[in-house]
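Down below is the structure, laid out as structure tokens.
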């Protein structure tokens with residue numbers, strides 16, 4: 006009886022713990038958007054960008070994109086949307102995406118979250 010209770014608890018607890026761990030690790034990718042988000046807001050506040058199409062990696066003070074690899078996430082801005090893809094590290098997170106899209110070009114900027122991390126519960 007005790008063994009069966011422990012078995013049931015373990016079958017529920019282990020996947021929940023793995024999901025919690027993956028979600029905690031994915032916060033690294035969510036934090037990777039911070040310099041891009043700040044640069045976009047500064048570009049808009051300074052009047053350097055007048056449309057979402059002006060918001061591109063490597064322009065108007067927005068950092069260049071960073072290519073994906075075994076040790077790095079892809080991060081970049083295209084048409085105002087900030088994209089992050091988890092690095093190819095062989096974990097369940099590999100290829101998981103997160104995006105932030107500004108909903109307007111006038112302050113205060115409203116942001117819309119997107120990406121497949123929402124469906125997987127990582128963000």
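Numbering (our numbering), first residue to last: 6 to 128. A virtual CB, placed ideally from N, CA and C, is assigned to each residue, including glycine.
- For residue 116, the pairing in a beta bridge is given by DSSP as 107.
- Burial of residue 107 is indicated by the presence of at least 16 other C-beta atoms within 10 angstroms of its C-beta.
- Here residue 105 is near residue 87, since their CB atoms are less than 8 Å apart.
- In this model, residue 36 and residue 66 are separated by some 19 Å (Cα to Cα).
- Judged by beta-carbon spacing, residue 71 lies beyond the 8 Å limit of residue 64, meaning their Cβ atoms are not closer than that value.
- In this structure, residue 62 and residue 85 do not form a Cβ contact; the two beta carbons are roughly 11 Å apart against a cut-off of 8 Å.
- Annotated three-state conformation of residue 31 is helix, per DSSP.
- Taking 8 Å as the cut-off, the Cβ atoms of residue 28 and residue 126 count as close.
- Going by DSSP, residue 41 is part of the alpha helix (DSSP H) stretching over 39-50.
- Nearest neighbour of residue 69 by Cα position, chosen from 109, 91, 45 and 31, turns out to be 45.
- Here residue 25 carries a helix assignment [DSSP, helix/strand/coil].
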